[in-house]
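Numbering (the numbering used here), first residue to last: 172 to 564. Each residue gets a CB set at the ideal place from its N, CA and C atoms; glycine is no exception.
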Ligand SMILES: Cc1ncc(COP(=O)(O)O)c(C=O)c1O
């Protein structure tokens with residue numbers, strides 16, 4: 172084989188995702204796309220805020236000489252400044268442009284942060300179920316992803332985390348609102364986590380970073396708010412994007428911010444700046460930086476997702492599915508009615524419903540429904556969900 176063994180293994184390990192896509196494509200070709208209920212992808216289907224295209228047009232029409240050139244690897248200082256100003260309100264601590272670095276999405280932010288902090292053999296600890304890509308991101312930079320169980324309702328289990336932290340732990344990676352569970356961590360639990368990381372850091376004589384992945388921060392329901400990590404723990408780094416909040420994942424724009432109180436704030440930012448360059452990102456897309464600078468605090472119309480969530484939850488609950496009504500994200504993570512989630516996903520496929528087995532997120536026994544789809548897809552899929560669970564009775 173002329174490709175790397177590592178990539179070969181990654182491809183082999185992702186075969187179920189490929190299989191899912193292939194089977195989905197086959198079903199769509201056979202029955203027509205409108206008769207296949209595809210809940211497999213977290214690709215936002217709600218349009219960006221109206222202002223987005225207005226600002227985009229305005230930005231393009233005022234572009235001048237030099238506006239498409241290289242820039243500091245951190246991004247335009249004025250853009251970092253706009254982000255910092257909004258972040259100061261959101262995180263309730265004063266953040267400056269010097270603590271912000273613009274990135275190619277949240278995945279760019281996480282990779283830049285991990286590149287900056289990991290040495291070979293370092294471990295990144297994360298609660299499961301978790302986003303599939305984390306293990307690859309840690310491995311990209313010589314680290315290893317270690318996992319720790321969450322509570323039965325997918326909250327942080329501080330006792331389990333305390334047990335799982337070792338002298339190799341360099342970062343604790345959280346994602347709230349969470350993909351795939353939809354759970355949002357409370358302020359109390361984040362404060363507890365901060366105290367724990369500080370205590371363990373002292374015990375092992377190393378800084379343990381809290382890396383917070385927050386691309387779903389604004390997709391929350393029923394008055395839920397996402398607490399600040401900067402007030403919970405000083406050695407914290409926040410990575411996020413505009414991918415889901417304003418529905419522009421294809422534009423690859425996000426940022427990473429370091430807690431102004433972090434002990435190695437300056438060194439971290441210097442390291443992340445170099446990481447952004449040598450990972451080949453160089454800088455975040457110029458045009459999009461200028462656009463998002465004018466869109467601070469905006470989000471898609473959350474009532475669209477609320478309606479979809481409620482329609483799905485009401486239907487599934489009435490058929491006997493067991494789940495937590497998600498306080499955030501556009502994912503629902505029900506318990507599989509049979510222990511084997513992969514088998515149940517196949518049963519749903521017989522109803523032309525495509526979802527992802529929880530095993531793919533280190534959450535066996537569950538399955539993920541991404542409800543960022545047309546209302547009709549939800550409505551028309553409900554009889555299939557009903558038949559699938561009834562088959563098992
Ligand atoms: C939890 C989580 N983190 C990061 C990302 C990557 O986001 P982006 O497209 O902004 O890189 C995703 C995308 O689905 C995600 O679900």
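Looking at the backbone, the Cα of residue 260 and that of residue 398 are separated by about 12 Å. Relative to the Cα of residue 307, the nearest Cα in the group 208, 390, 285, 553 belongs to 285.
Nearest C-alpha to residue 531 among 172, 183, 188, 176: 188. Taking C-beta separations shorter than 8 Å and ignoring five residues to either side along the sequence, the partners of residue 231 in its chain run 458, following chain order. Boundaries of the beta strand (DSSP E) harbouring residue 317: 315-320, taken from the DSSP string. Judged by beta-carbon spacing, residue 498 lies within the 8 Å limit of residue 353, meaning their Cβ atoms are closer than that value. Residue 347 and residue 197 have their alpha carbons spaced roughly 35 Å apart. Where residue 198 is concerned, there is no enclosing beta strand (DSSP E), although the alpha helix (DSSP H) around it starts and stops at 186-202.
Bounds of the alpha helix (DSSP H) holding residue 440 are 436-449. Collapsing the DSSP output to three states places residue 420 in a helix. The C-beta distance from residue 316 to residue 295 rounds to 5 Å, short enough to meet the 8 Å contact threshold.
Excluding sequence positions up to five before and after residue 248, its CB lies within less than 7 Å of the CB of 268, all in the same chain and listed in chain order.
With 16 or more other CB atoms across the displayed protein chains lying within 10 angstroms of its CB, residue 273 is buried.
Close to ligand 1, as judged by a C-beta nearer than 6 Å to any of its heavy atoms, are the residues 213, 276, 277, 278, 302, 346, 350, 384, 386, 412, 414, 420, 425, in chain order.
When only Cα atoms are considered, residue 329 and residue 205 end up about 45 Å apart. If the five residues before and after residue 213 are omitted, its C-beta is found closer than 6 Å to the C-beta atoms of 541, all from its own chain and listed in chain order. Taking residue 536 as reference, the option from 549, 516, 436 with the minimal CA-CA separation is 516.
Using a Cβ distance threshold of 8 Å, residue 429 and residue 449 do not count as a contacting pair.
DSSP, reduced to helix, strand and coil, places residue 305 within a helical segment of the structure shown. Here DSSP, grouped into helix, strand and coil, assigns residue 259 to helix. When rounded, the separation of the alpha-carbon atoms in residue 342 and residue 319 is 13 Å. In this structure, DSSP gives residue 336 a state outside helix and strand, which the three-state scheme calls coil.
Taking each of 410, 480, 293, 366 in turn and checking the Cα distance to residue 553, the smallest one comes out for 480.
Annotation for residue 482: the continuous alpha helix (DSSP H) segment containing it runs 473-490. Short of 6 Å from the beta carbon of residue 252, and not among the five residues preceding or following it, lie these beta carbons of its own chain, in chain order: 268. Taking 8 Å as the upper bound for CB-CB distance, residue 389 and residue 470 are in contact here, some 4 Å apart. Look at residue 181 here: in three-state DSSP terms it is helix. Around residue 344, the same chain offers 295, 297, 382 as residues with beta carbons nearer than 6 Å, after the five sequence neighbours per side are excluded.
With contacts defined by Cβ atoms closer than 8 Å, residue 271 and residue 431 do not form a contacting pair. Taking all protein chains in view, the Cβ of residue 203 is surrounded by fewer than 16 other Cβ atoms within 10 Å, so the residue is classified as exposed. Put simply, the region 483-501 does not touch the region 519-534. Fewer than three CB pairs are less than 8 Å apart. Closest in C-alpha terms to residue 447, from the list 195, 283, 561, comes 283. The beta carbons of residue 405 and residue 433 sit closer together than 8 Å. Setting aside the 5 residues that flank it on each side, residue 195 is surrounded in the same chain by 207, 209, 211, 525, each with a C-beta closer than 8 Å to its C-beta; the list follows chain order.
Out of 511, 276, 503, the CA that lies nearest to the CA of residue 351 is found in 503.
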